[in-house]
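**Student:** One structure, as structure tokens, below. Some questions next.
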Amino acid sequence: MALLEARRISKQFGGLAAVSDLSLDIEKGAIASLIGPNGAGKTTFFNMVSGIYKPTSGQMVLDGREIGGLRPNRATALGLGRTFQNIRLFSNMTALENVLVGMNCRLKSAWYGALLRTPSVVQEEAKARQRAQELLVYVGLGGKGETVAKNLPYGLQRRLEIARALATQPKLMLLDEPTAGMNPLETVDAMALIKRVRDELGVTILLIEHDMKVVMSISEYITVLDYGAKIAEGTPEQVRANPRVIEAYLGKGVAAGIRRAKQQVVAKTER
Amino acid sequence: MAQLWHSLTGPWRALPARRRQRLTWACSILLLLIFPLVDKAFKWGVVNDVTDVLVLVILSLGLNIVVGYAGLLDLGYAAFFAIGAYATGVLTWPGHPLQWNFWIVIWAAVIVAAFFGIIIGTPTLRLRGDYLAIVTLAFGEIVPVVMRNLGSLTIGIGPWRLVSDFNLTNGVQGLNPVGRPSLFGFTFSFDPTPWYYLILVIAALVIFANVRLQDSRLGRAWMALREDETAADCMGVDPIRTKLLAFAIGASFSGFAGAFYAAKLQAIFPELFKFNLSIMILCMVILGGMGNIKGVVIGGMLLQLFDRVILTQTTFFVRYIGQTFHIAPLATVDLSLWRWFFFGLAMVVIMVLKPEGLFPSAARRAELHAADEETAQPAERG
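So the sequence lines, in the order shown, correspond to chains A and B. Quick note on the numbering used here: the first sequence kicks off at 1 and runs consecutively. Quick note on the numbering used here: the second sequence kicks off at 1 and runs consecutively.
So this is what it looks like as structure tokens:
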């Protein structure tokens, strides 16, 4: 059974259909990508999965439970983690505190527990701190725990966002342009990290990405959106060869040109 | 001069940080404990003033939770102080049949204030920034007006009356007298010293709660909300619960302060809880450094010291100069009339020169320090 099932999801902003009638299955343990030109509705779809927007219609099922229209913190509690297109760390808190906030919904101590500091609360806190340190080391931020988030270099801020999302113990992690703004070296590192998260931690990954090199090399399954609707899906090879995808990205004229060129090549080789 | 200072403080700096911290704590606690004796010995007669200052410090610690930790700008915080004070007044005023014991009433005041914290918090949950500030401002204005008008309370539907013309708050005159606390047969009265020790205990409780909350799951959730509400929500922080807890816990501190203040003053009336008070408390929080306990306490004390001591002393000094040199406007000046001007000036100067406050939290200081290093060695990259 698929981990995430979107059934005929639509989102209207006034007269504008940002996403229309989108159905999507993400298999458990997959690394899947959502691609499409700017304004295709990718981030809108992410915001509906994570609960920031409520879908106008349709169903969103995560691991057998309906999450459409749930508030973001409820969706997170049910196993959904995410990062943001423009980094949204808690910039005046330390890296360690950022990760600890991610653990918030997995901790139990209440306000009176914090005041009385009972042995169980102290123990839970110590465990959480240790786990947070481990997560920082895991994403390559070992020793940076006490650094205030906004003073971290850009690449490390992206990694900290992933660590924070991992701290929520997600089943499915949504990564919104995880390599945006990175140099080629950082991009390679980030891809390795994403692969490790899936292979070692068993977290299913759905990512939005504009860098086609990243998309084609990392994803096992790709869904292409244009004007809020799904225009293609399949393995990287299938999607790359799909004329509608080329059309959406490069425009009708270019697509036609490519088709003609291909036909000529085919004709030549036949001759 | 700098070198002399350096050599004098050498042994102190040689101590490990933790020892230094403990020594500072021990010394300040000792100073606070023997203060009334010192006051008596030198005939300063300021114990009463210091007690009032501590009431304001407790209020600013409560506001620190709402504004400093959770980032919810509350411009009507004095309303909770009023509610705490009036709860005490209503439950102990001889005009009412209740007249409970003060030690029970102070907790009742805390609960009532926390309850109203939730009442005002609920409609503001969806508001951010300026909108929230305006709503809390209005709440701060409404509460004293309501108190003024509850001198004749009538609750009923149609001809059916639940309460008819009930005098809850005694209108403009206010409630007077208010029940006094007594402990082991000793009743608190006009001697300020027992009041001083009582407020010290309350202040210790409130600081303790602030410290423990700051470094807890809830404290982190508050700060995450302050930094980025949407991101915090997506990381599993329930904004509704967390904000309401900030309002309730912040308000409960002012419940303590209100109960104490009402009992000490022996009278409460609506004029005590004007908008100025909310602003004064907010100034105390901002001056010292939002979200930092030490900053809020010291900053608050400094502001009050300035208000109560430095302004009057400077007035005498300026008058003296005016009389000596025959400058008529200076000889009759009263600088305490200018207090709000000086507060405003101080706020502008702080915001321009040191926006993180006089005593910023360790994290903020570290961050400034890191920024310094970066400019010093631009080639180094992390």
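Yeah, the Cβ is synthetic: ideal placement off N, Cα and C, and Gly gets one too.
Considering only C-alpha positions, which residue in the set A:Val139, A:Thr269, A:Gly234 is nearest to methionine 216 of chain A?
**Tutor:** A:Gly234
**Student:** Roughly how many angstroms lie between the CA atoms of glutamate 270 of chain A and arginine 260 of chain A, to the nearest whole one?
**Tutor:** 15 Å
**Student:** So what's glutamate 209 of chain A in DSSP terms, helix, strand or just coil?
**Tutor:** coil
**Student:** Identify every residue that forms a DSSP beta bridge with threonine 314 of chain B.
**Tutor:** DSSP, once it has assigned bridges, lists no residue as partnering threonine 314 of chain B.
**Student:** On the criterion of 16 or more Cβ atoms from any shown chain inside 10 Å, does cysteine 234 of chain B qualify as buried, or is it exposed?
**Tutor:** buried
**Student:** Can the beta-carbon of valine 101 of chain A be found less than 8 Å from the beta-carbon of valine 237 of chain B?
**Tutor:** yes
**Student:** Please tell me whether serine 20 of chain A has its Cβ less than 8 Å away from any Cβ of chain B.
**Tutor:** Not one chain B Cβ lies under 8 Å of serine 20 of chain A.
**Student:** For the beta strand (DSSP E) containing threonine 154 of chain B, list its first residue and its last residue.
**Tutor:** 153-157
**Student:** Using a Cβ-Cβ cutoff of less than 8 Å, which residues in the same chain neighbour alanine 376 of chain B once the five nearest sequence positions on both sides are dropped?
**Tutor:** Only weak support is given to the placement of alanine 376 of chain B: the predicted model assigns it a pLDDT of 42, under 50, and the value that follows is read from those uncertain coordinates. Nothing listed; no residue qualifies.
**Student:** Here's a check: name, in chain order, each residue in its chain whose Cβ is nearer than 7 Å to the Cβ of alanine 190 of chain A, leaving out the five neighbours to either side.
**Tutor:** Excluding sequence neighbours, alanine 190 of chain A sits near Arg158, Pro178, Thr179, Met182.
**Student:** Would you say the beta carbon of glycine 155 of chain A is closer than 7 Å to some non-hydrogen atom of the ligand GTP?
**Tutor:** In the structure shown, the ligand GTP is absent, as is every other ligand, since no ligand is present at all.
**Student:** Going by DSSP, name the residue or residues bridged to arginine 275 of chain A.
**Tutor:** Examination of residue 275 of chain A is not possible in this model, given that chain A is present from 1 through 271 alone.
**Student:** Within 8 Å of any Cβ in chain B, is that where the Cβ of alanine 114 of chain A sits?
**Tutor:** yes
**Student:** Under the DSSP definition of a beta bridge, which residues are partnered with tryptophan 160 of chain B?
**Tutor:** Per DSSP, the beta-bridge partners of tryptophan 160 of chain B are B:Ile157.
**Student:** Does DSSP put isoleucine 52 of chain A in a helix, a strand or coil?
**Tutor:** coil
**Student:** Is glutamine 12 of chain A close to chain B, meaning its C-beta is less than 8 Å from at least one C-beta of that chain?
**Tutor:** Nearest CB-CB separation between glutamine 12 of chain A and chain B: not below the 8 Å threshold.
**Student:** Counting only the same chain and skipping the five closest in sequence on each side, list residues whose C-beta sits under 7 Å from that of valine 178 of chain B.
**Tutor:** Thr88, Gly89, Thr92, Trp93, Ala262, Ala263, Gln266, Ala267, Ile268
**Student:** Quick check: glycine 291 of chain B and phenylalanine 359 of chain B, are their CB atoms within less than 8 Å of each other?
**Tutor:** no
**Student:** Apply the 10 Å Cβ neighbour rule to tyrosine 221 of chain A and answer buried if 16 or more other Cβ atoms are within range, or exposed otherwise.
**Tutor:** buried
**Student:** Out of A:Ser120, A:Arg71, A:Ala163, state which residue places its alpha-carbon closest to the alpha-carbon of glycine 140 of chain A.
**Tutor:** Measuring C-alpha to C-alpha distances from glycine 140 of chain A to each of A:Ser120, A:Arg71, A:Ala163 identifies A:Ala163 as the nearest.
**Student:** Starting from isoleucine 31 of chain A, follow the beta strand (DSSP E) in both directions and report where the run begins and ends.
**Tutor:** 31-35
**Student:** Measuring CB to CB, does leucine 244 of chain B end up less than 8 Å from glycine 121 of chain B?
**Tutor:** yes
**Student:** Taking Cβ positions, are isoleucine 194 of chain A and alanine 32 of chain A nearer each other than 8 Å?
**Tutor:** no
**Student:** So, helix, strand or coil for isoleucine 87 of chain A, using DSSP?
**Tutor:** coil
**Student:** Suppose only complete runs of 3+ residues qualify. What are the beta strand (DSSP E) ranges in the segment 88-168 of chain B, listed by chain order?
**Tutor:** If you keep only unbroken beta strand (DSSP E) runs of at least 3 residues inside the segment 88-168 of chain B, you get 153-157, 160-166.
**Student:** Name, going along the chain, the residues of the segment 54-79 of chain A whose beta-carbon falls closer than 9 Å to a beta-carbon of chain B.
**Tutor:** Arg71, Pro72, Asn73, Arg74, Ala75, Thr76, Ala77
**Student:** Tell me whether aspartate 191 of chain B sits in a helix, a strand or coil according to DSSP, three-state version.
**Tutor:** coil
**Student:** Are the C-beta atoms of threonine 223 of chain A and some chain B residue less than 8 Å apart?
**Tutor:** no
**Student:** Bridge partners of serine 182 of chain B, per DSSP?
**Tutor:** B:Thr187
**Student:** Please compile the residues from chain B whose C-beta is within a distance smaller than 7 Å of the C-beta of arginine 158 of chain A.
**Tutor:** Near arginine 158 of chain A there are no residues of chain B at all, since even the closest Cβ is about 14 Å away, more than 7 Å.
**Student:** For chain A, check one thing: does any of its Cβ atoms lie closer than 8 Å to the Cβ of valine 211 of chain B?
**Tutor:** no
**Student:** With three or more C-beta pairs closer than 8 Å as the rule, is the segment 204-218 of chain B touching the segment 44-51 of chain B?
**Tutor:** no
**Student:** Could you tell me whether any Cβ in chain B is nearer than 8 Å to the Cβ of methionine 212 of chain A?
**Tutor:** no
**Student:** List in chain order: all unbroken alpha helix (DSSP H) runs of 4+ residues lying wholly within the segment 260-339 of chain B.
**Tutor:** 275-288, 293-305, 311-324, 328-331
**Student:** Name the chain B residues that come within less than 7 Å of glycine 142 of chain A, Cβ to Cβ?
**Tutor:** None at all; the shortest Cβ gap to chain B is about 13 Å.
**Student:** Is there contact here, the segment 108-117 of chain A with the segment 93-100 of chain A, by at least three beta-carbon pairs under 8 Å?
**Tutor:** no
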